[in-house]
Amino acid sequence: MTPPIKQFVLLLEGVNKTFDGFKAINDLNFYMDEGELRTIIGPNGAGKSTMMDIITGRTRPDTGKVEFGKDTDLTRMNVPEINRLGIGRKFQTPSVYIHHTVFENLLLSLKGPRGVFNALLALTTSEQRDRIEVVLKTIGLTKKAEDLAGSLSHGQKQWLEIGMLLAQDPKLLLVDEPAAGMTDEETHKTGELLLSLEGKHSIIVIEHDMTFVRQIARKVTVLHQGHVLCEGSVDDVQNDERVKEVYLGRKKKN
Amino acid sequence: MQSKFKNLEIWVVMAVALFVVVALPCLNACTPESSWFHVSNFTITVYGKYLCYAMLAISVDLLWGYTGLLSLGQALFFTLGGYMMGMYLMRMIGDLGQYHQPIPDFLVFLGWTKLPAFWQPFSSFPFAMVMAMLLPGALAGIFGYLAFRSRIRGVYFSILTQALTYAACLLFFRNSLLLGGNNGFTDFKFILGHDIREPATQRYLFIASGLALLLVYLLCKWLTKTKLGKVQRAIRDSENRVMFSGYSTANFKLFIFVFAALIASLAGVLYVPQVGIINPGEMAPDKSLEAVVWVSVGGRGTLIGPIIGAFAVNAMKSWATRAYPDLWLIFLGGMFIFVTVFMPKGIVGLPAQLRMLWNRFARKPAGETIAPPESVTEVFNQEFKKSPTQGTPKPTPPES
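Chains as they are written, first to last, in numbering that gives the first Met the number 0: chain Z, 0 to 253; chain W, 0 to 399.
Here it is as structure tokens:
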């Protein structure tokens with residue numbers, strides 16, 4: 000597969016990763032346009048999380064190219080460096096700072112210098128407060144700003160974490176199963192939140208829940224055994240024989 | 000309410016500090032020994048020691064309670080600071096030692112006739128003080144850099160710090176290091192031209208320790224309020240999130256580790272002239288463990304907790320080692336277990352804990368807390384009455 004000359008926001012080419020003889024990622028090629036909302040699905044062990052790890056610098060690929068924007072090689076950078084480029088990642092289980100208030104959680108995530116000595120002398124500016132207000136509104140937690148993050152419900156924690164990503168104003172958002180453990184109503188709200196971000200940010204969503212995928216999906220990529228099985232709209236993907244075989248046959252919701 | 004309470008803490012600390020650095024030394028100096036208000040020289044020395052322990056406890060808590068790094072080797076930096084002060088004090092003995100030579104007795108005993116080169120500059124007090132900051136700081140810097148860069152966390156970090164202090168302990172036991180071997184340094188005579196055994200000198204050392212503790216407390220109070228302090232606690236609660244927010248957590252942990260080592264070293268510097276002895280036994284792993292017990296008894300994650308813990312446990316130790324000398328360690332271990340299981344927030348958290356107990360038992364008959372909170376009924380209505388088929392949350396799928 001030859002890549003078009005077009006500028007991608009994210010490009011993975013010929014990526015391989017083996018853990019103790021297990022091929023987690025197998026000749027993976029993945030291209031994403033700027034501003035795209037992409038959904039990745041795939042059965043357990045398909046390599047979805049490993050792919051996220053490779054993009055964010057948590058795991059180094061054995062071989063292959065991982066590039067962000069204009070020729071930024073991600074394989075040579077560590078986690079904080081990659082994050083500072085503008086790649087935010089939300090984990091599957093909500094990880095927020097439970098002993099900080101919602102406001103402080105966002106404050107620590109705001110775009111800005113990340114050095115030790117800067118942190119020693121940094122003061123909260125009114126622009127930062129305004130920015131936090133905007134994010135609070137986006138994630139619907141304005142009333143909870145002064146509450147401890149630990150006191151939030153599971154769904155609210157998930158939204159807060161998405162808000163923490165937004166506070167950084169990232170170019171690319173990686174969102175790992177945002178609807179896990181949520182009620183249907185919360186799931187739907189999460190979907191709307193993600194759709195509202197489309198265009199402003201490039202977003203990759205990993206999801207298991209097909210109802211949720213139907214709600215948000217534009218283009219779906221199916222991963223299987225560390226390789227892209229097929230790509231297309233939800234309907235294309237659901238009607239694909241290979242996909243039915245490996246994934247939907249087992250997972251399809253009543 | 001919360002901020003009022005926090006301000007209250009500062010005022011209480013200032014009042015106690017004023018009492019400690021002004022009233023106690025005055026009572027020691029100006030009242031006759033027969034007076035009811037007299038504070039004995041012994042008391043001054045013992046409390047001076049506790050003040051130093053309190054600083055050590057703060058340094059442990061800054062790592063454990065605030066950053067989630069349980070250091071089991073903090074006494075190493077304390078002892079190193081003490082050794083630097085000890086070297087200066089040894090030089091100040093001059094030729095008043097047992098052998099009446101111009102070099103420390105133990106060097107004469109080892110067959111030295113001239114002072115080894117590295118001992119020479121320690122005749123200077125400023126040099127010794129600079130070394131007391133540089134050496135522990137550099138050691139913490141190098142060790143921390145290697146440990147944090149290799150992402151050593153949790154129990155592995157604890158074991159490594161423990162191993163480090165044990166290794167240093169074995170090293171300092173060797174006579175060939177020319178630092179006094181297992182006897183260490185003792186029999187000090189003068190500090191900055193004053194007779195170290197004079198009550199007045201001890202009083203000044205006591206005041207210096209009190210002021211140093213106050214300074215350390217205020218500095219840490221400020222530090223925890225800065226953004227750095229917020230990042231520090233964020234690392235404790237969710238280090239991954241901090242890293243994935245663009246912070247190099249290794250750098251932050253390194254900064255805190257070095258800072259804590261400097262506090263411990265300062266404590267050691269003030270400790271040695273008050274107790275009059277320093278030897279490698281202070282580096283033994285159990286010393287660091289004791290400091291951890293002080294912090295957990297007092298209440299970790301607070302700054303006032305370690306101070307209270309250091310005083311409470313050591314006061315108890317002074318009493319118990321006299322009354323039941325054989326049982327002290329069992330006592331200490333038992334206390335640690337009790338606090339960990341029943342008082343996770345230590346003495347500082349006790350009022351809140353008692354209030355909760357009070358609410359649970361005493362107010363129950365009044366019927367105030369029996370009714371389910373409103374939110375539960377609300378959630379129930381939302382979830383089950385509106386859409387009975389869709390109400391249950393989906394289980395979290397296993398991670399792929």
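Glycine included, C-beta positions come from ideal geometry on N, C-alpha and C. Given the structure is predicted, the values throughout are model-derived calculations rather than measurements.
- Of the residues assessed, threonine 301/W falls on the buried side of the cut-off, its CB having 16 or more other CB atoms within 10 angstroms.
- Comparing alpha carbon positions, the residue from Ile102/W, Phe251/W, Asp104/W, Val291/W closest to asparagine 117/Z is Phe251/W.
- The C-beta of methionine 51/Z comes no closer than 8 angstroms to any C-beta of chain W.
- Closest in alpha carbon position to isoleucine 336/W, among Asp325/W, Gln273/W, Trp293/W, is Trp293/W.
- Valine 95/Z has a beta carbon lying within less than 8 angstroms of a beta carbon in chain W.
- In this chain, the alpha helix (DSSP H) harbouring valine 107/W covers 104-108.
- Under the three-state reduction of DSSP, serine 201/Z is assigned to strand.
- Around tyrosine 246/W, the beta-carbon contacts reaching into chain Z at under 7 angstroms are Pro79, Arg113.
- In chain order, Tyr96, Ile97, His98 make up the part of chain Z whose C-beta sits under 7 angstroms from the C-beta of aspartate 236/W.
- Under the DSSP assignment, threonine 320/W falls outside any beta strand (DSSP E), being part of the alpha helix (DSSP H) whose first and last residues are 303-322.
- Here leucine 172/Z is bridged, per DSSP, to Gly87/Z, Ile202/Z.
- If the five residues before and after arginine 148/W are omitted, its C-beta is found closer than 6 angstroms to the C-beta atoms of Ala249, all from its own chain and listed in chain order.
- Glycine 209/W is not a Cβ neighbour of valine 12/W, given a cutoff of 8 angstroms.
- When DSSP assignments are scanned along the region 51-85 of chain Z, the uninterrupted stretches of alpha helix (DSSP H) that are 4 or more residues long and fall wholly within it turn out to be 78-85.
- In this structure, DSSP gives asparagine 238/Z a helical state, which the three-state scheme calls helix.
- Using a Cβ distance threshold of 8 angstroms, phenylalanine 121/W and tyrosine 87/W count as a contacting pair.
- Using beta-carbon distances, phenylalanine 251/W counts as an interface residue toward chain Z, with a partner under 8 angstroms.
- For threonine 55/Z, the nearest CB of chain W lies under 8 angstroms from its own CB, placing it at the interface with that chain.
- Setting aside the 5 residues that flank it on each side, valine 271/W is surrounded in the same chain by Gly81, Met84, Gly85, Ile277, each with a C-beta closer than 6 angstroms to its C-beta; the list follows chain order.
- At a Cβ-Cβ threshold of 8 angstroms, phenylalanine 102/Z and alanine 166/Z do not count as neighbours.
- Nearest CB-CB separation between leucine 62/W and chain Z: not below the 8 angstroms threshold.
- Apart from sequence neighbours up to five positions away, the residues of its chain that approach leucine 164/Z with a beta-carbon distance below 7 angstroms are Gly87, Lys89, Leu172, ordered along the chain.
- In this structure the region 230-240 of chain W does not lie against the region 44-55 of chain W, because fewer than three pairs of beta carbons, one per stretch, are closer than 8 angstroms.
- In the assembly as shown, threonine 164/W is a buried residue. Its beta-carbon has 16 or more other beta-carbons within 10 Å.
- For asparagine 25/Z, no CB of chain W lies under 8 angstroms from its own CB, so it is not counted at the interface with that chain.
- For alanine 137/W, no beta strand (DSSP E) segment is defined; the enclosing uninterrupted segment is the alpha helix (DSSP H) at 124-148.
- Contiguous beta strand (DSSP E) elements confined to the region 35-94 of chain W do not occur, taking only those with 3 or more residues.
- The three-state secondary structure of aspartate 285/W, taken from DSSP, is helix.
- Against chain W, the CB of phenylalanine 29/Z has no partner CB under 8 angstroms away; the residue lies outside that interface.
- Leucine 95/W and leucine 26/W have their C-alpha atoms roughly 33 angstroms apart.
- Ile97/Z is the residue among Ile97/Z, Arg59/Z, Gly20/Z, Leu107/Z whose C-alpha sits nearest the C-alpha of glycine 149/Z.
- If you look at glutamate 12/Z, you'll find it isn't in any alpha helix (DSSP H); it sits in the beta strand (DSSP E) that goes 9-18.
- Using a CB distance cut-off of 8 angstroms, alanine 121/Z counts as an interface residue toward chain W.
- Taking a C-beta distance under 8 angstroms as the contact criterion, isoleucine 43/W and phenylalanine 205/W qualify as a contact pair.
- For the region 180-203 of chain Z, residues whose beta-carbon sits nearer than 7 angstroms to a beta-carbon of chain W comprise Gly180, Met181, Thr182, Asp183.
- By the beta-carbon neighbour count (other beta carbons within 10 angstroms, threshold 16), threonine 123/Z is exposed.
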